[in-house]
Amino acid sequence: MEGTISRYSSSSFFPSTFNLSRYEKTNFQFNSNSTLMVDICSLRASISVSERDKASTFRTSKFTKRSNSGNPRQKEAPNLVKNKPMLNSEISPHRAVSAVRLMRIEFGGAFADLLNEKGKGSGDNEMGYVGRTLGFRTRKLEDRDLRLVTDIVGGAIRWRRYLDHLIVSLCDDERTFRNMEPLLLQILRIGFYEIVKLEMPPYAVVDENVRLAKTALRPGAGNLVNGILRKLVLLKENDTLPLPKLEGDDRSRARALATLHSHPVWMVRRWVKHLGQDEAVKLMMWNNSAPSFSIRANSAKGFTRADLVKRLEELEVPHELSQHLDDFVRITTGMQIVLQAGLLKEGLCLVQDESAGMVVSIMDPQPGENIVDCCAAPGGKSLFMASRLSGKGMVSAIDINEGRLRILKETAELFEVADVITAVHSDLRIFAEKNTVMFDKVLLDAPCSGLGVLSKRADLRWNRRSEDMEQLKNLQDELLDSASTLTKLGGILVYSTCSIDPEENEERVASFLQRHPEFRIDSVDKYVPQAFVTKTGFYFSDPVKHSLDGSFAARLIRYT
1 MEGTISRYSS SSFFPSTFNL SRYEKTNFQF NSNSTLMVDI CSLRASISVS ERDKASTFRT
61 SKFTKRSNSG NPRQKEAPNL VKNKPMLNSE ISPHRAVSAV RLMRIEFGGA FADLLNEKGK
121 GSGDNEMGYV GRTLGFRTRK LEDRDLRLVT DIVGGAIRWR RYLDHLIVSL CDDERTFRNM
181 EPLLLQILRI GFYEIVKLEM PPYAVVDENV RLAKTALRPG AGNLVNGILR KLVLLKENDT
241 LPLPKLEGDD RSRARALATL HSHPVWMVRR WVKHLGQDEA VKLMMWNNSA PSFSIRANSA
301 KGFTRADLVK RLEELEVPHE LSQHLDDFVR ITTGMQIVLQ AGLLKEGLCL VQDESAGMVV
361 SIMDPQPGEN IVDCCAAPGG KSLFMASRLS GKGMVSAIDI NEGRLRILKE TAELFEVADV
421 ITAVHSDLRI FAEKNTVMFD KVLLDAPCSG LGVLSKRADL RWNRRSEDME QLKNLQDELL
481 DSASTLTKLG GILVYSTCSI DPEENEERVA SFLQRHPEFR IDSVDKYVPQ AFVTKTGFYF
541 SDPVKHSLDG SFAARLIRYT
């Protein structure tokens, strides 16, 4: 699967159960590479009008409480002040924005943007949410503040289980934590993250977060924040943080690892089973690390990697050339500079992980070919394949989400490949039943768990349940069966995911081949470096080993 790196949502935004018969790859579901490109190029808002209205209708902490299960229980909202909120220059702007964004994420009205903002002026948008939610605004967000918002929001979501364990441990009792107002909890998470993980000056952190709690809530809330954060500072200075120990049976050890590395217990147990404890810990450490990003130069517009490198040097953005793909450059810092410089808005490049690029290499699109991308939106792989056709051939981009297909078409125009992309709004299974055209090459970038992209999708770990895996596997089987009917004799079918789980990858292919003996495995060793080729001829990128998003692809040929 491709993936969104620009948006992160909380568990309340991604329902604990979802209808997998409608496999829309929405911004918050299954992707990790191309969504950012589509969002930025179209300059779409992060949330819909209805979500924007919802975000502005709650003065979160003052009338909302969390139930014992952690789900918000909203009371009737008071009337909001319609006049421009008063300026409060004493409140730290990055903390106010971080708290409100975390609130919006928890209530389903926003995403956690790892790349943070789409360009100039977006800080004003964030301050607008602060004013509507808290009733006051702070001084203007500077670039440093925006970077801190990115770090704090992503980090607080990523380390949520760990932070909440510490907060519970320092409360008088667990009931205090369970009944805590949502905004108060977000302020504490921010303070704990700043002290424990960012290692900011502790007393400045205490003072600023106490001031925010008193102003946004009431003096008593500030007093509570003051007492808890001061306890934390003392324990950290004495190196006596109340952390669980790795001891007891497998279940106890899994729970301790889940808290220490801030992942769901079921994921930890799954990875320990498949990988062993040491490798599972390495994987969780990767998931908790700051993500790096890759940019692909848009050769379809005559913009080469050399041109991209020149622009990055002019912008003084550190970068390195991809070792695996000719059009790609890797960036660890300075992505916001690239965004604000307008390179993506101009269609000169797009953010796309190298793992997604290698899936396109495995497809090996050639001029004149008729190709179908079965679950295309947001469109990163479709655009890349189209750029390889040199204006000859066609990529039919099928997706169930009409709105995102519209964005794909707009982006295709921007990237000057619209003449070789046809957007098709349909459920793949219905399309396959009615279709009479056979394709040279078929890509099924299937809806999946996204367990290979947790570094970029900080929230995704909290939005997945072990029960989802069985539903996803059934859906993947159905989509594979449908995709196979579109493949001509001698044609290629590529099945790919952004998962590292063998049940979604090798096992799905093995099951498919049992049902469809007319297909055989075609080794990917001719299309990607040997380091990514498995013993069975599949493609697999290991996040820890390769420092890329985790992904999988199988190339199959139809013989009869």
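Residue numbers (the UniProt record's numbering): 1 to 560.
Heads up, the beta-carbon is just placed ideally off N, CA and C, and yes, glycines get one too.
Are there 16 or more other CB atoms within 10 angstroms of the CB of residue i, so buried, or fewer, so exposed?
i	result
residue 555	buried
residue 559	exposed
residue 203	exposed
residue 342	exposed
residue 98	buried
residue 333	exposed
residue 5	Residue confidence for residue 5 is low, a pLDDT of 30 falling below 50, so the modelled location carries little weight and cannot support an answer.
residue 436	exposed
residue 55	Confidence at residue 55 is low in this model, with a pLDDT of 34, below 50, so its placement is unreliable and the value that follows should be read with caution. Buried.
residue 541	buried
residue 501	buried
residue 489	exposed
residue 312	buried
residue 346	exposed
residue 86	exposed
residue 497	buried
residue 291	buried
residue 219	exposed
residue 543	buried
residue 240	exposed
residue 388	buried
Residue j and residue i - do their beta-carbons sit closer together than 9 Å?
i	j	result
residue 209	residue 196	no
residue 246	residue 284	no
residue 537	residue 547	no
residue 386	residue 417	yes
residue 553	residue 494	yes
residue 369	residue 456	no
residue 164	residue 144	no
residue 419	residue 391	yes
residue 445	residue 374	yes
residue 321	residue 329	yes
residue 287	residue 95	no
residue 193	residue 216	no
residue 93	residue 127	yes
residue 476	residue 504	yes
residue 443	residue 424	no
residue 486	residue 432	yes
residue 280	residue 268	yes
residue 562	residue 395	Lying before the first or after the last residue shown, residue 562 is absent from the chain, which here runs from 1 to 560.
residue 364	residue 293	no
residue 235	residue 170	yes
residue 301	residue 348	yes
residue 232	residue 191	yes
Quick check: does the Cβ of residue i come within less than 8 Å of any heavy atom belonging to the ligand MG?
i	result
residue 548	This structure lacks the ligand MG; in fact it carries no ligand of any kind.
For residue i, which residues in the same chain have their Cβ closer than 7 Å to its Cβ, ignoring the five residues on either side in sequence?
i	result
residue 42	Summary for residue 42: the model assigns pLDDT 34, below 50, so the residue's position carries little reliability; its value from the coordinates is reported in the next sentence. Closer than 7 Å at Cβ, skipping near neighbours: 407, 410 and 411.
residue 518	558, 559 and 560
residue 221	184, 213 and 214
residue 529	324
residue 131	85 and 137
residue 511	477
Going by C-alpha to C-alpha distance, which of the options sits closest to residue i?
i	options	result
residue 438	492, 229, 472 and 193	492
residue 450	507, 516, 550 and 353	550
residue 459	178, 108 and 485	108
residue 393	381, 261 and 367	367
residue 514	219, 264 and 481	481
residue 357	345, 347, 103 and 323	323
residue 101	279, 234, 84 and 125	125
residue 400	176, 253 and 447	447
residue 88	211, 177, 376 and 201	211
residue 166	229, 148 and 205	229
residue 295	308, 302 and 206	308
Considering only residues of the same chain and omitting the five flanking positions on each side of residue i, which have a CB-CB separation below 6 Å?
i	result
residue 337	315 and 317
residue 262	159, 161 and 162
residue 48	Low confidence applies here, because residue 48 scores a pLDDT of 33, under 50, leaving its location unreliable; read the following figure in that light. Counting only Cβ-Cβ distances below 6 Å, and skipping sequence neighbours, we find nothing.
residue 249	none
Which residues in the same chain as residue i place their Cβ atom closer than 8 Å to its Cβ, once the five residues preceding and following it in sequence are excluded?
i	result
residue 520	513, 556, 557 and 559
residue 198	151, 152 and 155
residue 270	466 and 501
residue 429	478, 479 and 482
residue 305	297, 321, 326, 327, 328 and 329
Next item on the list: Please go through the stretch 427-483 and give each complete alpha helix (DSSP H) segment of 4 or more residues, from N-terminal end onward.
Entry: 428-434 and 460-463
Note to self: If we require 3 or more residues per run, which beta strand (DSSP E) segments fall completely within the stretch 474-534?
What the structure shows: 487-497 and 519-521
Margin query: Could you tell me which whole alpha helix (DSSP H) segments of length 4 or greater appear in the stretch 228-265?
Written below: 250-260
Item checked: Segments of 3+ residues assigned as beta strand (DSSP E) that fall wholly inside the stretch 305-381 -> 328-331, 349-351 and 370-373
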